[in-house]
Amino acid sequence: MTTTNGTKPGQHTVVAIVEDKPGVLQRVAGLFRRRGFNIESLAVGPTEFEGLSRMTIIVDGASAPVEQVEKQLYKLIDVVKVSDLTHEDAITRELALLKVRCNNVNRHELLDIANVFRADVVDMATNSLMLQVVGDEDKINGLIKMCEPYGIRELSRTGTIAMTRGQKTTTVHESEPEAIARVHQSQGRRVEADLPFSSD
Amino acid sequence: MVRMTGSQILLECLQREGVSTIFGYPGGVVLPLYDTLPQFPALRHVLVRHEQGAAHMADGYARASGEVGVCLATSGPGATNLVTGIATSFLDSTPMVAITGNVARTLLGKDGFQEADITGITQPITKHNYLVMRAENIAMTVREAFHIARSGRPGPVHVDIPKDVFQEEAEFEWPEEINLRGYRPTTKGHAGMIRRAADAINKAKRPIIISGHGIVWGDSSDELVELAEKAQIPVITTFLGIGGFPETHPLSYGFLGMHGMYHANMAADEADVVIGIGMRFDDRAMGRFNDFNPDATIVHIDIDPAEIGKNLPTAIPVVGHVKRVLPELTERIEEHDRSQWLGWIDKVEEEHPSLEIRETRRLIPQEIVRTLYEETNGKATLVTGVGQHQMWAGQHYFYDSPRKLVSSGGLGTMGFELPAAIGAQMGVPESEVWAICGDAGFQMTMQELAACVDERLPVKIAIMNNGYLGMVRQWQELFYDENFVSVAVTQPDFCKLAEAYGIRALRIESKSEVLPAVQEARNYDGPILLDFHVDQDENVWPMVPAGAALSETIEMPEKELVR
């Protein structure tokens with residue numbers, strides 16, 4: 001069973017926006033190792049802002065309370081923002097490449113399977129073909145299962161990436177602190193410079 | 201803008217950050233930096249005899265003065281020798297900037313002579329670290345390093361600079377502003393949480409404050425006293441929190457934990473509301489977590505959100521700087537008469553005195569510490585190593601102000617005492633600094649006697665010499681059936697050793713010699729070593745055995761009473 005966004009029970013989907021600097025991946029990985037948090041999957045890539053990278057980390061919740069994971073991540077100077085998408089309405093996706101054994105007799109069957117999973121054939125040889133599939137973990141597991149009887153010669157999977165649906169974002173807005181401060185000021189509340197990051 | 205070399209930029213920036221003392225040791229790749237050092241005569245360089253000493257000195261300097269300590273080492277072995285000292289600073293959250301040289305950029309990653317991946321090594325034991333690849337980045341890096349080291353929850357920051365970056369020229373401009381978007385420590389406590397905390401305290405019948413190192417670093421002793429006095433809440437401290445609340449104050453009930461006072465442990469266990477302030481509910485302080493006072497409501501005030509709920513479930517978390525949070529809390533709490541609760545603790549203390557020094561035939565360390573307390577009127581700075589002598593120094597000296605007890609609590613680093621005392625003496629030159637040493641720990645860093653002589657520092661070195669790794673011996677006696685293994689340490693004649701360095705030394709073997717020796721040391725203007733030959737079998741009491749709960753605190757067994 002999975003939640004609405006495809007996160008497995010016991011797993012947590014954490015998104016960290018980090019500085020795009022050398023060694024950041026090691027800092028994050030080192031933190032997880034040292035605190036005994038298990039990483040199920042990790043995907044890193046650029047964001048819409050230059051100088052910031054986005055890490056999507058699937059954490060085994062049994063190994064650590066996700067709150068500790070988040071707080072420890074925040075302690076890293078190069079980590080700018082952390083969001084827990086586990087209970088958010090979010091899209092999660094992985095990509096997989098599968099090289100599956102086939103021959104003239106069963107190739108059509110395999111193409112039918114690929115069709116059902118909306119996988120693309122990206123390469124074809126006389127005795128194999130390569131499928132590319134995008135989807136959540138379950139979908140990819142499903143395709144793998146269907147291909148197994150033919151013989152999977154090679155499999156390569158990316159980590160999961162995730163994004164919330166609708167208006168809400170998990171990204172960092174440079175103008176955010178100022179904008180929030182303005183609103184607070186207009187309503188006569190005390191203004192904290194570090195507002196979006198404070199415990200308030 | 202001025203064109204300067206990387207070395208010049210670094211030293212200029214250190215000076216602008218208010219650094220006056222650098223503890224270091226030269227070597228191949230930092231030679232360009234040492235070559236530049238004479239151009240900055242205001243920067244005093246203390247030559248250590250081992251880089252570990254440099255890190256501990258910087259740490260001791262920081263703990264005694266409240267300023268950021270700075271240490272410096274060359275690449276490879278020089279840098280790895282700093283590691284123990286950096287980890288010591290990290291576990292106790294003290295502000296330090298450690299600077300290392302590395303091989304030239306073209307050689308990085310090629311396993312050249314004296315190369316170590318030191319940023320990889322220090323990454324898990326620093327608050328942050330940097331490898332600076334261009335001279336033009338040095339100024340901003342130093343600014344950030346000092347800001348990170350001293351703000352929020354303090355900690356060590358390591359800056360690694362390749363040799364040719366020291367030599368490279370760049371335009372120097374002092375960065376006025378720092379913009380670290382991933383680092384904005386929360387200082388203001390959540391108003392709703394403070395209200396909830398105040399409500400819990402107002403309703404409490406038996407509240408207790410456990411104050412920690414955060415009070416010392418948050419410079420908030422006065423705020424804590426106001427809070428405690430207004431609501432008549434008894435205060436116990438963690439070991440590192442000692443001095444954060446005046447120990448002779450009527451509301452002070454000593455420190456808690458493995459060798460804390462019996463009544464402090466019992467009070468923590470009996471309280472209905474436990475207010476942890478600037479502390480982290482460490483296992484040595486709290487005993488077995490699962491059995492720490494399960495009925496108490498825990499209020500936790502700390503600047504580091506990651507500490508909240510880490511070890512114990514917290515009912516009311518307040519993230520913020522104690523200096524801002526405590527006055528707000530004090531404002532909201534009601535004055536209260538808690539004489540019944542205070543009376544309960546007083547009675548436990550009366551029935552189970554932890555700090556009584558019993559009559560003995562043989563010289564015991566407790567009375568040396570107590571004599572020191574009486575002679576110095578509690579005004580000296582004590583710097584300890586780790587083990588039995590550390591606990592006695594915590595128990596039998598009463599600290600009325602912060603930064604008077606300097607000790608490696610979290611990492612428990614033996615050998616910390618002498619170098620840290622040297623650093624402390626440089627940090628607070630007017631203060632009377634005593635290094636309280638164990639005979640085993642002293643042998644780990646005793647080469648720094650030379651630095652002490654070089655700098656003509658009047659550090660008083662008191663060795664509690666029992667010929668053992670005392671605390672290990674105690675554990676082997678109590679928990680390993682007296683199977684004493686590798687625990688008796690042979691030692692040189694410490695007096696002769698001191699004299700070889702040109703340091704005055706006294707050997708003390710009987711009770712009657714203690715007071716005159718302490719007086720002589722105090723009147724002597726210069727480094728002096730006192731080699732106290734104390735009872736070999738003395739144990740530290742009370743004690744919470746490892747893995748036991750605070751309620752299971754054991755007092756001194758009767759057979760040990762007579763010696």
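Order-wise, the sequence lines are chains A and B.
All residue numbers for the first sequence refer to the working numbering, where the first residue is 1 and numbers rise by one.
All residue numbers for the second sequence refer to the working numbering, where the first residue is 201 and numbers rise by one.
All C-beta atoms in this analysis are idealised placements derived from N, C-alpha and C, irrespective of residue type, glycine included.
Note that the structure is a prediction, hence the values are computed from the model and not measured.
Item: For the 8 Å Cβ check, are there 3 or more pairs between the region 640-659 of chain B and the region 610-629 of chain B?; Value: yes
Item: I want to verify the contact list: residues of chain A whose CB lies under 9 Å from the CB of residue 579 of chain B, in sequence order.; Value: The premise fails here: residue 579 of chain B is roughly 37 Å from chain A at the closest Cβ pair, so nothing lies under 9 Å.
Item: Considering only their Cβ atoms, is the gap separating residue 15 of chain A from residue 162 of chain A smaller than 9 Å?; Value: yes
Item: Three Cβ pairs or more, each shorter than 8 Å: is that satisfied between the region 269-279 of chain B and the region 302-321 of chain B?; Value: yes
Item: If contact means a Cβ-Cβ distance below 7 Å, which residues of the region 366-394 of chain B contact chain A?; Value: 380, 381, 382, 383, 384, 386, 388 and 390
Item: Using the beta-carbon of each residue, which ones in chain A are nearer than 8 Å to residue 319 of chain B?; Value: 23
Item: Can you grab the Cα-Cα spacing for the pair residue 180 of chain B / residue 439 of chain B, in whole Å?; Value: Past the boundaries of the shown model lies residue 180 of chain B; chain B is included only from 201 to 763, so the question cannot be answered.
Item: Between the alpha carbons of residue 471 of chain B and residue 53 of chain A, how many angstroms are there, rounded?; Value: 47 Å
Item: Starting from the C-beta of residue 573 of chain B, find all residues in its chain whose C-beta is less than 8 Å away, skip the five residues before and the five after it, and write them out in chain order.; Value: 596, 597 and 598
Item: I need the DSSP call for residue 48 of chain A, collapsed to helix, strand or coil.; Value: coil
Item: For residue 313 of chain B, which three-state DSSP category applies?; Value: coil
Item: Among residues of its own chain, excluding the 5 on either side of residue 532 of chain B, which ones have a beta-carbon nearer than 7 Å to its beta-carbon?; Value: 394, 395 and 398
Item: What's the gap between the Cα of residue 638 of chain B and the Cα of residue 721 of chain B?; Value: 18 Å
Item: For residue 41 of chain A, which beta-bridge partners are listed by DSSP?; Value: A/58
Item: Reducing DSSP to helix, strand and coil, say where residue 395 of chain B ends up.; Value: helix
Item: Quick one: which unbroken beta strand (DSSP E) runs of 3-plus residues sit fully inside the region 143-176 of chain A? Chain order, please.; Value: 152-157 and 161-164
Item: Could you have a look at residue 180 of chain A and say whether DSSP puts it in helix, strand or coil?; Value: Residue confidence is low: residue 180 of chain A scores 48 on pLDDT, short of 50, so the model does not pin down where it sits. No coordinate-derived value is stated.
Item: Can you give the beta carbon distance from residue 116 of chain A to residue 129 of chain A, rounded, assuming they're within the 8 Å contact cut?; Value: 15 Å between Cβ atoms; not a contact.
Item: How far does the alpha helix (DSSP H) with residue 573 of chain B in it reach, from first residue to last?; Value: 565-576
Item: Within its chain, find whatever has a CB closer than 7 Å to the CB of residue 249 of chain B; leave out the 5 residues flanking it on each side and keep chain order.; Value: 647, 648, 650 and 651
Item: In this structure, does DSSP put residue 622 of chain B in helix, strand or coil?; Value: helix
Item: Classify residue 761 of chain B: buried if its beta carbon has 16 or more other beta carbons within 10 angstroms, exposed otherwise.; Value: exposed
Item: Is DSSP giving residue 265 of chain B helix, strand or coil here?; Value: helix
Item: Ignoring anything shorter than 4 residues, give me the alpha helix (DSSP H) runs that lie fully in the region 294-380 of chain B, in order along the chain.; Value: 318-322, 338-350 and 363-367
Item: Can you tell me which of A/160, A/21 and A/25 puts its alpha carbon nearest to the alpha carbon of residue 95 of chain A?; Value: A/160
Item: What are the residues of the region 77-90 of chain A that lie near chain B, defined by any Cβ-Cβ distance shorter than 9 Å?; Value: 77, 78, 79, 80 and 81
Item: Confirm, please, whether the CB-CB distance from residue 576 of chain B to residue 632 of chain B is below 9 Å.; Value: yes
Item: Can you pull the chain A residues whose beta carbon is under 7 Å from the beta carbon of residue 510 of chain B, in chain order?; Value: 68
Item: Between which two residues does the beta strand (DSSP E) containing residue 83 of chain A stretch?; Value: 79-84
Item: Please report how far the alpha carbon of residue 487 of chain B lies from the alpha carbon of residue 498 of chain B, in whole angstroms.; Value: 16 Å
Item: Is residue 199 of chain A close to chain B, meaning its C-beta is less than 9 Å from at least one C-beta of that chain?; Value: Because residue 199 of chain A carries a pLDDT of 33, less than 50, the predicted location of this residue cannot be relied on, and the following value inherits that uncertainty. Interface residue, yes.
Item: Who are the near neighbours of residue 66 of chain A in its chain, counting only those whose CB is closer than 8 Å to its CB and skipping five residues on each side?; Value: 12, 14, 59, 84 and 86
Item: Taking residue 755 of chain B and residue 742 of chain B to be in contact with their CB atoms under 8 Å, please state how far apart those CB atoms are, rounded to whole angstroms.; Value: 5 Å
Item: What are the residues in the region 340-351 of chain B lying within 7 Å of chain A by C-beta distance?; Value: 348
Item: Going along the chain, which residues of its own chain have a beta-carbon closer than 7 Å to the beta-carbon of residue 403 of chain B, five neighbours each way excluded?; Value: none
Item: Count the other CB atoms, across all protein chains shown, that sit within 10 Å of the CB of residue 495 of chain B; report buried if there are 16 or more and exposed otherwise.; Value: exposed
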